[in-house]
Amino acid sequence: MEQAQTNAQRIYDQVLTFATLYGGRILLAILTLIIGLWVIGWITKLLSSVMTKRHVDRDVQPFLLSLVNAILRVLLLLSIASTLGVETTSFVAIIGAAGLAVGLALQGSLANFAGGVLILTFKPFRVGDLISAQGFTGNVEAIRIFDTILITLDNKTIILPNGPLSTASITNISTRGTIRVDQVYSVGSQNDLDATKASIQKAVDSCPYALKDRTHDILIAKLNANSRDYDVRVWTKSETYWDTYYYMLESIARQFAKDGIEAPKPKMFITNEE
15 MEQAQTNAQR IYDQVLTFAT LYGGRILLAI LTLIIGLWVI GWITKLLSSV
65 MTKRHVDRDV QPFLLSLVNA ILRVLLLLSI ASTLGVETTS FVAIIGAAGL
115 AVGLALQGSL ANFAGGVLIL TFKPFRVGDL ISAQGFTGNV EAIRIFDTIL
165 ITLDNKTIIL PNGPLSTASI TNISTRGTIR VDQVYSVGSQ NDLDATKASI
215 QKAVDSCPYA LKDRTHDILI AKLNANSRDY DVRVWTKSET YWDTYYYMLE
265 SIARQFAKDG IEAPKPKMFI TNEE
């Protein structure tokens, strides 16, 4: 019993000594962490507001905010280490060595970082552009340090690594402001040529997304045994590409039905050999 009390007293004395020597530092480090994180958040919001007011390129804003946030957090970590009595010079050397090891282990992430810098420098696309890349099509929502966020046309979020994105082919649909919607329609060869073209023209003229100052093409693309293929090319704004695409499909289907334009009918030729 006495041995247990002695051990308890010894533990109590050690805890009391530790609290006396380091309690203040630990409490100060915790306060520094809480206040530091709040200050970093405040600085980030302030910087975002300033960049918005000064019309800084919105493609660059997320990149700069992420970079500043990371640097401030590293400085906060060094400050906390100094508060706890850790030699910052040794700590910086440890961070440098750890950074080298992590860098070697995360070469792909470094490639993504370099890709992000290239994208922001050469600007193959901007925030808000409609692009096709890596097998996905969507609007660019943000360009971050390591990745780019796309919002697809069906409202899915796609995160593309900047490394492959900066070195692969990218189709920027929004660059020119206008785009051509190409579609092919097949009708039976029994339909009159002029009547078919007139029916398609009515559908094009009724499209609210078709540009009025551009010429839209209705061309015979191919003559088949029992059908004809028509290339229909309608110019529209980049942001209304899919609206135009689906409108034309429905409009032409309705117009063909209204004008009596028939679909291709298979033909069978039977010969009687005696």
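So the sequence shown is numbered by the working numbering: it starts at 15 and just counts up by one. Note that beta-carbon positions come from the ideal geometry of N, C-alpha and C, so glycine has one too. Keep in mind it's a predicted model, so treat the numbers as computed, not measured.
Environment of residue i [buried if 16+ CB atoms lie within 10 Å]
i      : result
Gly149 : exposed
Pro222 : exposed
Pro280 : exposed
Arg242 : buried
Leu134 : buried
Tyr260 : exposed
Phe136 : exposed
Contacting residues, own chain, Cβ-Cβ under 8 Å from residue i (five flanking each side not counted)
i      : result
Pro178 : Gly129 and Gln148
His230 : Val218, Ala224, Val246, Arg247, Val248 and Trp249
Ala119 : Because the pLDDT of Ala119 is 49, which lies under 50, any placement of that residue in the model is unreliable, and the question is left without a value.
Leu47  : Leu90 and Ile94
Thr258 : Val195, Cys221, Tyr223, Ala224, Val248 and Thr250
As assigned by DSSP and simplified to three states, the class of residue i
i      : result
Leu174 : strand
Ile275 : coil
Thr189 : coil
Lys67  : helix
Asp231 : strand
Lys236 : strand
Phe127 : helix
Asn83  : helix
Arg268 : helix
Other residues of its chain near residue i: CB distance less than 7 Å, five sequence neighbours each side excluded
i      : result
Ser188 : Asp143, Leu144 and Ser252
Asn126 : Phe160, Asp161, Pro175, Asn176 and Gly177
Leu42  : Thr97
Trp256 : Leu167
In DSSP terms, what residue i is bridged to
i      : result
Ala147 : Phe150 and Ile184
Gln202 : A quick correction: the sequence has Gly, not Gln, at residue 202. According to DSSP, Gly202 bridges with Ser241.
Trp249 : Arg194
Ile157 : Thr162
Any non-hydrogen atom of the ligand SAM within 7 Å of residue i CB
i     : result
Arg39 : This structure lacks the ligand SAM; in fact it carries no ligand of any kind.
Boundaries (first-last residue) of the beta strand (DSSP E) holding residue i
i      : result
Leu207 : Counting along the chain, Leu207 falls outside any beta strand (DSSP E), though it belongs to the alpha helix (DSSP H) covering Leu207 to Ser220.
Asp161 : Asp161 to Thr166
Spatial neighbours of residue i in its chain, beta-carbon cut-off 6 Å, leaving aside the 5 residues before and after
i      : result
Thr185 : Ser146
Gly274 : none
Glu155 : Ile163 and Ile165
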